[in-house]
Amino acid sequence: MPWTKKAAAQLATELSAAAATQASAAKEGRLAAATSTDPLTRAQNTAAARLLSEQATDLHATAAAIRDGDDPDSLGYADSHRFYH
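Take the sequence shown: its position 70, counted from the start at 1, is 960 in the working numbering, and no numbers get skipped.
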């Protein structure tokens, strides 16, 4: 069964919300890194912030692709299909 427009829009909205959460966590990680006096903690926070930022970018791009009409199944969301119908 193909994705309905409503289901795809719901998935895109949820992905955008997840992207915003990841971006916020990345910002907090960068702040923690900037204020840390311990080199190891600073490096760990910097690395975590970088990963969270990359995840946010990916989620945002996926949400935009779905809004532009890409099939969620082709973007790796075939297993999620049952939750949105």
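We put the beta carbon where it would ideally sit given N, CA and C, even for glycine.
Counting Cβ pairs, one atom from each stretch, are 3 or more of them under 8 angstroms apart for the region 951-964 and the region 918-927?
-> With the rule of 3 Cβ pairs closer than 8 angstroms, the region 951-964 does not count as touching the region 918-927.
Is there contact between the region 905-923 and the region 940-948, where contact requires at least three CB pairs shorter than 8 angstroms?
-> They touch, by the three-pair rule.
Exposure label - residue 892; buried when at least 16 CB within 10 Å = Residue 892 sits at position 2 when you count from the first residue of the sequence shown. By the neighbour-count rule (16 or more Cβ atoms within 10 Å), residue 892 is not buried but exposed.
Can you grab the Cα-Cα spacing for the pair residue 970 / residue 900, in whole Å?
-> Taking the sequence shown and counting its residues from 1, one reaches residue 970 at position 80. Taking the sequence shown and counting its residues from 1, one reaches residue 900 at position 10. Between residue 970 and residue 900, the C-alpha separation is close to 12 angstroms.
Report yes or no: is there a C-beta of chain D within less than 8 angstroms of the C-beta of residue 926?
-> Protein chains in the displayed structure number just one, and chain D is not present.
Within 8 angstroms, strictly: CB atoms of residue 919 and residue 905 | Looking up residue 919 in the sequence shown gives position 29. Looking up residue 905 in the sequence shown gives position 15. No, the pair does not count as a contact, with Cβ atoms beyond the cut-off.
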